[in-house]
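Worksheet: one structure, shown below.
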Amino acid sequence: MSTTTNKIYGNVIIPEFEVTSSFDLIQALKNLEIKDAFDDLNADLSGISDENLVVEKVIHQALIKVS
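Per my numbering, residue 1 is the first one in the sequence shown, and the count goes up by one each step.
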């Protein structure tokens, strides 16, 4: 098997595009046994606020833009 490579120079034209995605991560976190933060009775977020807080949404959003 040969390990030599040849360099080839040229122009590549890539069209401009944009792709976005958005995912709700609550079910994925619950599958990882992270459940109490989403439960009104068991959520303990006292380390960040004195108010009774509960997590309602966890959204992951990504954008890829080629221009």
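Idealized CB from N, CA, C, for every residue including glycine.
Residue i to residue j, Cα distance in whole Å?
i, j, result
"I34", "L53", "15 Å"
"E18", "G47", "39 Å"
"K7", "T20", "35 Å"
"T4", "G10", "20 Å"
"D39", "Q61", "24 Å"
"E51", "I26", "22 Å"
"I37", "N31", "Contrary to the premise, residue 37 reads as Ala rather than Ile in this sequence. Going from the Cα of A37 to the Cα of N31 covers about 13 Å."
Going by CA-CA distance only, name the one from the options that's closest to residue i.
i, options, result
"D24", "G47, F17 and E56", "E56"
"L63", "D44, S22 and I48", "S22"
"V58", "A28, T3, G10 and T4", "A28"
"V69", "P15, D39, D50 and Y9", "Only positions 1 to 67 of the chain appear in this structure, which leaves residue 69 out of reach."
Per DSSP, residue i is paired with what?
i, result
"A62", "S21"
Report whether the distance from the Cβ of residue i to the nearest heavy atom of the ligand NAP is below 7 Å.
i, result
"E16", "Here there are no bound small molecules, and the ligand NAP is not part of this structure."
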